[in-house]
């Protein structure tokens with residue numbers, strides 16, 4: 316199963332700090348990112364990398380943990396929990412891999428509404444920092 320290998324690679328990237336090199340090695344050039352707070356899909360490796368690196372800086376704190384994973388062929392669902400500035404966040408990453416094991420589609424969903432608002436606020440700050 317492609318997603319099983321992808322899961323191992325994803326965890327290595329996360330454990331390595333979600334660096335540009337790590338993410339670049341597992342993202343397809345035409346990858347698409349679906350944000351819980353941005354209406355339109357973000358297309359292409361550079362923008363997907365920017366979003367995932369910002370997520371690593373905001374969501375990936377000491378309280379971040381994956382609590383469940385479901386693997387099916389080229390698809391992976393990872394449920395996570397974390398705390399952001401006192402707000403409990405629960406979410407899922409839906410990841411699709413191509414036959415070469417590269418991520419082609421990455422969708423994040425977050426709950427509850429307070430968490431969505433906190434993700435929007437903190438991700439916005441990280442993305443602005445990355446632009447400068």
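Residue numbers (our numbering): 316 to 447.
Quick reminder that beta carbons are idealized off the backbone N, C-alpha and C, glycines included.
These numbers were taken from a predicted model, which means no experiment stands behind them.
Are there 16 or more other CB atoms within 10 angstroms of the CB of residue i, so buried, or fewer, so exposed?
i           : result
residue 445 : exposed
residue 429 : exposed
residue 334 : exposed
residue 327 : exposed
residue 337 : buried
residue 434 : buried
Alpha carbons only, please: which of the options is nearest the one belonging to residue i?
i           : options            : result
residue 407 : 379, 319, 400      : 379
residue 363 : 340, 388, 376, 401 : 340
residue 416 : 436, 442, 346, 394 : 346
residue 450 : 401, 376, 418, 426 : Nothing can be reported for residue 450: it is not among the residues displayed for the chain, which extend from 316 to 447.
For residue i, which beta-bridge partners are listed by DSSP?
i           : result
residue 397 : 404
residue 349 : 422
residue 358 : 347
residue 386 : 391
Which class does residue i belong to by DSSP, given the choice of helix, strand or coil?
i           : result
residue 380 : strand
residue 336 : helix
residue 342 : strand
residue 442 : helix
residue 417 : coil
residue 409 : strand
residue 374 : coil
residue 321 : helix
Less than 9 Å separating the beta-carbons of residue i and residue j?
i           : j           : result
residue 385 : residue 321 : no
residue 343 : residue 419 : yes
residue 437 : residue 397 : no
residue 370 : residue 423 : yes
residue 412 : residue 317 : yes
residue 352 : residue 404 : no
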